[in-house]
Amino acid sequence: MAVRVMGIVNVTPDSFSDGGAFLEPRAAIAHGYELVAEGADILDVGGESTRPGAAPVTEQVEMRRVLPVIEGLADTGAQLSIDTFKRSVAQAAIERGATIVNDVTALRNEPDIAGLVADRGCELCLMHMLGEPGTMQDAPRYDDVVSDVKAFLEERLAFAVGAGVPEDKVLLDPGIGFGKTVDHNLELLSRLDELVAIGRPLVIGTSRKSFLGRIAGRDVNQRLGGTIATNVLALERGAAIFRVHDVAPVVDALAVATATLAGRWRPTTTT
1 MAVRVMGIVN VTPDSFSDGG AFLEPRAAIA HGYELVAEGA DILDVGGEST RPGAAPVTEQ
61 VEMRRVLPVI EGLADTGAQL SIDTFKRSVA QAAIERGATI VNDVTALRNE PDIAGLVADR
121 GCELCLMHML GEPGTMQDAP RYDDVVSDVK AFLEERLAFA VGAGVPEDKV LLDPGIGFGK
181 TVDHNLELLS RLDELVAIGR PLVIGTSRKS FLGRIAGRDV NQRLGGTIAT NVLALERGAA
241 IFRVHDVAPV VDALAVATAT LAGRWRPTTT T
């Protein structure tokens with residue numbers, strides 16, 4: 001299964017890592033071009049923060065933020081993803097060139113997104129989240145986090161397919177950091193192969209997240225080492241798509257890890 005790197009383009013004032021940095025469309029578009037130059041295969045454009053405690057925004061505000069950016073990135077050569085759980089936003093983004101809908105609610109907020117995706121032939125990413133952004137980190141509990149997340153993703157996959165989305169168009173995301181403690185996140189990463197066994201490409205989003213800071217004692221913009229470590233571990237366990245802020249170093253790390261795991265690399269010189 002081909003490895004793809006998904007570069008994050010947050011067009012928000014309040015995302016946990018880069019909120020406000022790319023709120024102006026020209027800045028977001030320039031950032032997207034930079035991420036493609038660094039090796040991003042996909043650009044994931046979002047106009048509503050889903051960090052813990054984030055406040056919701058209206059569909060009008062979300063569209064005002066993301067649609068000019070989607071249009072401005074249409075010629076990058078990268079696949080465009082719209083990070084939204086609103087059907088109207090997804091439809092408008094698809095009309096402007098997006099071919100992936102990344103729904104953090106896994107169709108629970110607006111199930112009709114499934115029909116839209118099916119009609120337009122787009123890919124659909126379904127993510128696990130316990131609760132909603134405002135409450136998801138309030139003492140999350142599971143019987144067994146991996147088994148519970150796997151059962152959820154299987155059920156959501158079945159729902160999407162039942163609504164007409166071809167199974168080969170569905171991506172799955174265990175939702176690292178979305179209603180999970182540090183131990184939950186580490187357990188998911190350790191047993192990621194159990195989720196890969198569902199049979200759909202697995203998306204991993206650990207980039208700069210707070211559990212990395214809790215482990216390493218690093219501030220939000222000092223978590224590249226932890227991000228790389230978790231992505232390489234996820235690659236080894238079968239993940240296929242890596243959603244990150246820092247594209248170039250992660251692309252390099254995954255290239256080296258892929259070559260090593262595959263045993264493909266051979267020296268070209270003796271020096």
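Going by the UniProt record's numbering, the final residue of the sequence shown carries number 271, and the count climbs one at a time with no gaps. Ideal placement from N, C-alpha and C gives every residue a C-beta, glycine not left out. Note that the coordinates shown come from a computational prediction; the quantities given were computed from them, not determined experimentally.
Cβ-based neighbour list, residue i, same chain, cut-off 7 Å, excluding 5 preceding and 5 following
| i | result |
| --- | --- |
| G72 | P25, I29 |
| R4 | D41, I42, A240, I241 |
| G121 | none |
| G39 | V5, V247, A248, V251 |
Exposure of residue i, with buried meaning 16 or more beta-carbon neighbours within 10 Å
| i | result |
| --- | --- |
| S190 | exposed |
| Q60 | exposed |
| P174 | buried |
| Q222 | exposed |
| L116 | buried |
| E95 | exposed |
| R141 | exposed |
| R243 | buried |
| G47 | buried |
| A90 | buried |
| A158 | exposed |
| A253 | buried |
Alpha carbon of residue i to alpha carbon of residue j, nearest angstrom
| i | j | result |
| --- | --- | --- |
| Q79 | I42 | 5 Å |
| T12 | R200 | 30 Å |
| Y33 | A74 | 10 Å |
| N10 | G131 | 22 Å |
| M63 | T260 | 43 Å |
| A160 | L202 | 16 Å |
| E123 | A92 | 15 Å |
| A216 | T181 | 15 Å |
| E154 | P166 | 14 Å |
| H245 | A151 | 29 Å |
| M129 | T105 | 7 Å |
| L126 | I113 | 11 Å |
| A163 | S88 | 18 Å |
| I176 | R156 | 17 Å |
| T230 | H31 | 24 Å |
| P111 | L172 | 16 Å |
| A55 | L107 | 20 Å |
| A27 | T206 | 24 Å |
| L192 | N109 | 26 Å |
| E194 | D143 | 16 Å |
| G263 | S147 | 32 Å |
Identity of the residue in the options nearest residue i by Cα
| i | options | result |
| --- | --- | --- |
| V256 | L233, V244, H245, R243 | L233 |
| S210 | V45, R218, G164 | R218 |
| R208 | P140, R51, L192 | R51 |
| residue 281 | K150, F178, M6 | Since the first residue shown for the chain is 1 and the last is 271, residue 281 is missing from the structure and cannot be characterised. |
| V145 | E187, A27, E167, A118 | E187 |
| V196 | T206, V251, G225, V149 | V149 |
| D168 | I198, L224, G225 | I198 |
| I70 | A55, A54, D44 | D44 |
| G97 | C125, A114, V66 | V66 |
| H184 | V170, A118, L212 | L212 |
| M6 | L23, D119, I228, L35 | L35 |
| G225 | G205, G238, I204, P249 | P249 |
| G238 | P68, R214, I204 | I204 |
| A37 | D193, N109, A118, T76 | T76 |
| V170 | N109, A2, L23, A118 | A118 |
Residues near residue i in its chain [Cβ-Cβ closer than 8 Å; skip 5 each side]
| i | result |
| --- | --- |
| E236 | A257, L261 |
| I228 | P249, V250, A253 |
Cβ shell of residue i (< 6 Å), same chain only, five flanking positions each side left out
| i | result |
| --- | --- |
| V57 | E48 |
| G19 | At G19, the pLDDT of 48 sits below 50, so the modelled position is not reliable; the number obtained from the coordinates is stated separately. Cβ neighbours of G19 beyond the five flanking positions: T12, P13. |
| T271 | With a pLDDT of 45 at T271, under the threshold of 50, the modelled position of this residue cannot be trusted, and the question is left open. |
| P68 | P25 |
Contact the region 100 to 116 vs the region 77 to 89: 3+ CB pairs below 8 Å: yes
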